[in-house]
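First up is the structure itself, then whatever we jot down about it.
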Amino acid sequence: MSSWLGGLGSGLGQSLGQVSGSLTSLTGQISTFTKDMLLEGVEEVGDAATELHVSNSRLAEVEASFTSQKSEHDRLRALHAELEEKLEASEIQNKRQSAEYRTLLQQKDVDISHLKARQSGLQEEVQRLQRSAQSASSFPAVLPVASSSSGTTSSSSYLSRPSESQQGYHGDELDLSDHIWSQQEINRLSTEVTRLEAEVSHWRRMSQASTTAGSGNGDQGETHKFQRTIQELREEMGREVDEHQHELAALQDAQRHKMADIARRHREELAEYEERIEELEEQIQSGGQTSSSADTSKLPELQKTVQSLQEAAEQREKHLAELSASLEEAQGKQASLQLEKDEVQEENAGLLQNYTRLQASVTELQTRVQEQEGKTLQKAQFDQEIQVLKQNLTAAEKEIERLKNLSDAEPKEEVEHADILELNTIIGLLRQEKEILQQEKLNLQERLKVSEEQIGDNNVTDSGESESLADLRVELERREKALRATEEERDTLMAELEELDQQNQEATQHMISVKEQLSGQLKEADAELTRLTAELNTTKDQKRTLEQEVETQKERTSQSAFTLNDMHMDKQQLEQTVKELKDKLGHAQEQSREARREITEMKKSLQEKEDLYSAAKAELHQAAGERN
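Quick note on numbering: full-length UniProt numbering labels position 315 of the sequence shown as 315, and the sequence is numbered without any gaps.
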């Protein structure tokens with residue numbers, strides 16, 4: 001846009017220079033014709049024939065001059081038509097360039113929105129890293145926080161300059177104002193990107209430091225300070241975007257008004273030149289019709305006036321040449337600034353690539369941090385499971401102690417078992433005695449039967465035999481009583497034996513179940529302990545691997561921080577270069593304003609001298625008419 005405006009200004013300057021050259025040549029011809037008329041007016045004419053001859057020659061000269069002036073007028077009309085065509089073409093091109101400029105502004109707005117989205121993403125990453133770093137202490141960052149504040153100050157200074165450029169733009173400084181604004185916007189966005197990269201690098205270092213250092217009170221204060229800084233930067237970013245939109249709208253309005261003003265001025269100047277040409281033609285025609293000698297008393301004054309007009313015209317030509325040279329120099333500076341702008345845009349593209357690369361590294365780092373957090377949680381779960389298993393192992397040991405105490409009580413049970421065996425032996429003896437007694441009872445019964453049979457066969461018996469029979473009966477009853485007592489004792493002992501046997505079986509079954517349960521628990525505890533030992537070893541290996549990865553990432557981050565520092569220094573050098581170029585541009589614009597002011601003054605002086613020339617010419621014609 002600025003190059004097109006510069007080309008349009010140079011074209012208009014050349015056209016105005018051609019018109020001024022035509023007016024200068026026309027003024028020179030008029031002054032020469034006036035001198036000839038004055039010189040011829042003082043010549044002495046002898047007779048009427050000579051006077052007629054002189055008048056005819058003068059008439060021929062006037063006709064020739066009129067023909068030349070008419071051709072010059074036609075040429076000027078053609079030049080005017082050409083300038084009108086150029087003006088229309090320039091208006092069409094201006095409309096097209098305005099549309100392109102609006103498209104470019106929309107693209108810049110889209111870029112700004114993308115940068116804002118990237119800024120939001122970076123701020124979210126910073127917040128996540130900050131939350132992960134709140135539970136651990138941090139070491140000093142490579143890039144100080146003051147860099148963000150300096151970036152903010154520089155962006156604020158850049159935002160304050162478009163208003164000055166806008167004022168200069170309304171003060172006839174349109175030629176490079178859009179270039180300055182684009183450069184300032186690029187610088188501001190580069191500064192913002194650099195600041196966000198510095199923030200990301202800082203929080204990345206804080207997140208890495210959190211894996212090796214413990215928690216501290218200083219980290220909390222620094223975290224709150226950075227939170228406040230991030231909030232202030234968000235608010236300032238919103239204000240900058242609003243100011244940017246207002247300034248873009250103001251620039252569009254100023255450009256539209258300025259182009260309309262230039263077109264109007266061009267038309268007015270062309271109309272003014274046409275009026276002057278017509279006035280000069282009328283003056284030439286009136287001068288040819290009233291060709292006569294002027295008053296000799298006013299000849300020196302008119303000659304001085306003509307000479308002063310010629311000198312003024314020469315000075316004006318010199319000044320126009322100087323202005324053309326300064327305009328060419330400004331165009332050269334503009335071309336150099338355009339080249340520098342392209343270089344800065346290339347550097348900005350490089351910075352954006354570096355920003356994309358750093359963003360990818362931030363994403364990778366965030367993924368690793370999340371993995372590390374997951375492993376940390378898994379380790380905490382493993383520790384908790386180990387504690388639970390230790391508690392279970394302690395409980396199992398207590399149970400084993402209790403079972404050992406029970407095993408100490410086993411001799412008592414063995415004593416009971418011996419008692420049971422002894423009772424079984426006694427019962428066996430009692431059974432044998434019972435069988436013997438039963439056998440004796442049977443024998444006695446048989447003997448009794450035999451005796452009764454003998455008594456029945458022999459009714460006469462001895463008294464001794466009766467006594468022996470009574471004794472046998474008594475003995476039999478006694479034996480029966482003893483047998484019944486033995487049977488009762490045997491039944492009692494059998495009941496006790498069965499009860500003791502049942503208790504023995506229950507105790508044995510309980511001991512077997514307890515032993516089986518304890519052996520199962522011991523096996524499970526051994527298996528769980530083996531598994532936990534293996535998991536603990538695996539966790540230790542993972543921890544060592546994570547520590548190695550953290551060390552590697554620290555080295556990469558340190559290298560990235562050094563690279564960012566170098567880029568920051570390069571950016572500061574570029575900003576210094578841009579500042580110098582802006583100073584040079586302001587100086588060139590000041591020279592351009594001075595040249596325009598001088599052109600305006602020269603136009604005014606030329607107008608005054610032309611008025612004096614017209615008045616002198618009118619006086620000359622009046623004097624010639626009075627002489628005739």
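By construction, the Cβ of each residue, glycine as well, lies at the ideal position given by its N, Cα and C atoms.
Three or more pairs of CB atoms, one per stretch, sit closer than 8 Å, so the stretch 563-581 contacts the stretch 189-202. Taking C-beta atoms under 8 Å as the contact rule, MET237 and GLN119 qualify, at a distance of about 7 Å.
With contacts defined by Cβ atoms closer than 8 Å, ARG368 and GLN553 form a contacting pair. In this structure, SER560 lies near SER201, with their beta-carbon atoms less than 8 Å apart. With fewer than 16 other Cβ atoms from the protein chains shown falling within 10 Å of its own Cβ, ARG431 counts as exposed. In this structure, LEU270 sits near LEU83, with a CB-CB distance shorter than 8 Å.
When rounded, the separation of the alpha-carbon atoms in GLU63 and HIS73 is 15 Å.
By the 16-neighbour rule on beta-carbons within 10 angstroms, SER90 is buried. Residue burial is scored here from C-beta neighbours: ASN94 has at least 16 other C-beta atoms within 10 angstroms and is therefore classed as buried. Distance check between GLU480 and each of GLN107, GLU435, ILE230 places GLU435 closest, using alpha-carbon atoms only. Judged by beta-carbon spacing, VAL241 lies beyond the 8 Å limit of ILE92, meaning their Cβ atoms are not closer than that value. The beta-carbon distance between LEU574 and GLU346, rounded to whole angstroms, is 11 Å. This is too long to meet the 8 Å contact definition. Counting the other CB atoms within 10 Å of its CB gives VAL450 a total below 16, which places it among the exposed residues. Here THR530 is exposed: its Cβ has fewer than 16 other Cβ atoms, across all protein chains shown, within 10 Å.
Sequence-distant partners of ILE277 (beyond 5 residues in either direction) whose C-beta falls short of 7 Å from its own C-beta, in its chain, are HIS73, LEU76. About 5 Å separates the beta carbon of ALA595 from that of LEU323, a gap short enough to meet the 8 Å contact definition. Burial state of GLN439 is exposed, judged by a 10 Å Cβ sphere holding fewer than 16 other Cβ atoms. By the beta-carbon neighbour count (other beta carbons within 10 angstroms, threshold 16), HIS53 is exposed. Within the model, the alpha-carbon separation for ALA349 versus ALA263 is close to 38 Å. GLN378 places its beta carbon 8 Å or farther from that of LEU546. HIS114 counts as exposed, since fewer than 16 other C-beta atoms from the protein chains shown sit within 10 angstroms of its C-beta. As the crow flies, the alpha-carbon of GLY428 is around 21 Å from that of GLN503. Taking the Cα positions, ALA623 is about 56 Å away from ASP253.
It is roughly 14 Å from the alpha-carbon of ALA360 to the alpha-carbon of VAL126. LYS604 counts as exposed, since fewer than 16 other C-beta atoms from the protein chains shown sit within 10 angstroms of its C-beta.
By the Cβ-count criterion, LEU606 is buried, with 16 or more other Cβ atoms from all chains shown falling within 10 Å of its own Cβ. Taking all protein chains in view, the Cβ of ALA615 is surrounded by fewer than 16 other Cβ atoms within 10 Å, so the residue is classified as exposed. Taking a contact as a CB-CB distance under 8 Å, the pair THR563 and ARG205 does not count as one, their CB atoms being some 14 Å apart.
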